[in-house]
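For the sequence shown, our numbering assigns the number 391 to the last residue and increments by one with no breaks.
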Amino acid sequence: MRTLKLLWIALGIVTTLAVFFSYKAVKPHSESGLQGYVCLSTGQPLDFHCKQCALVSNSGQMLGARKGREIDQSDCVVRMNNAPTLGYEDDVGSKTSLRVISHTSVPLLLRNETHFFRQEADTVYVVWGPERNMRQDGKGRVYNALVKVTEKYPDSHIYMLTREKMLECDGIFQNETGKDRIKSGSFLSTGFFTMILALGMCDSIQVYGMINDNYCSRANHNVVPYHYYENGRLDECQMYRAHEKAARGGHRFITEKAIFAKWATRKNLTFSNPSWADSNTV
């Protein structure tokens, strides 16, 4: 009995080490492509370039927008998390080239994994998350789940931000705001990571459905759901204000939009539905 128990322990150790060494080296071994975004299955950096990108927000601003055809005519369409297109094609289009996924949204994709990783196998998925969830030593809960997806759906294209890229994004936020992201008690949003990636891979970017930093302070602003595909307890502006004021664990949505407005003055970056052209922040 003791011998059998020792054999099972040894087998467990060998299996753990095999997984560890198979996926621990998820580091780019090529100088081409976008550094900081690494394929889980090959270790290659993301090689993705588009002339004209449509970046589609998850905002309720997209309800009734009827921008679907225009969006689908773009060279590449970038979406976030699990935002659906089915049933919303007239407003947000049906084409998806790449999705940026938060570690917290990975379980939402797994609930409909056949759709995302088989029916939309051509879509590239770029996942961001903190070290505790993305670590590659067998203890990264989200990383482990993604490894299983790549094994079950070998044709899927799943990438993750490296730890260095995550730190770089923190540095960008601090350079633009003068605030240390960690000390401020906030987390960068999926929208922030998406914008950073889009600026690196797209020659020009048309953003749909994203409000600017002073939108919610206007007396006549439209009251819309935070997401176009679900009705939550808080509307968009209520959610933005709650996060902006949160002492810990919030996203600084309004601050991030002020950063985007600055970038729009020196990059090929425009916003529509609503337009930022008449905003005094640009």
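Built from N, CA and C at the ideal position, the CB exists for glycine as well.
- Burial check for proline 216: the Cβ neighbour count within 10 Å stays below 16, so the residue is exposed.
- For aspartate 184, the closest of Gln170, Ser214, Leu207 and Asp279 by C-alpha to C-alpha distance is Leu207.
- For the beta strand (DSSP E) assignment, the uninterrupted runs of no fewer than 3 residues enclosed by the segment 189-219 are, from N- to C-terminal side, 207-211.
- When Cβ pairs closer than 8 Å are counted between the two stretches, the segment 325-335 is seen not to touch the segment 143-162, the count staying below three.
- No residue range can be given for phenylalanine 225, since it is assigned to no beta strand (DSSP E) and is classified by DSSP as neither H nor E.
- With fewer than 16 neighbouring CB atoms inside 10 Å of its own CB, glutamate 273 falls in the exposed class.
- With a cut-off of 8 Å on Cβ pairs, the segment 257-277 is in contact with the segment 220-232, counting three or more such pairs.
- Take the alpha-carbon of threonine 364 and the one of glycine 173: they are about 27 Å apart.
- Measuring C-alpha to C-alpha distances from aspartate 199 to each of Ser214, Arg175 and Ser211 identifies Arg175 as the nearest.
- Distance from the Cα of arginine 241 is smallest, within the candidate group Tyr234, Thr232 and Thr213, for Thr213.
- Taking the CA atoms as reference points, threonine 379 sits about 14 Å from alanine 367.
- In this structure, tyrosine 317 and isoleucine 180 form a Cβ contact; the two beta carbons are roughly 6 Å apart against a cut-off of 8 Å.
- CA-to-CA, the gap between lysine 371 and serine 166 works out to about 19 Å.
- Rounded to the nearest whole angstrom, the CA to CA distance from tyrosine 197 to valine 236 is 24 Å.
- Inclusion of cysteine 278 and leucine 297 in the CB contact set at 9 Å is warranted, their separation being smaller than that value.
- It is roughly 29 Å from the alpha-carbon of arginine 290 to the alpha-carbon of glycine 152.
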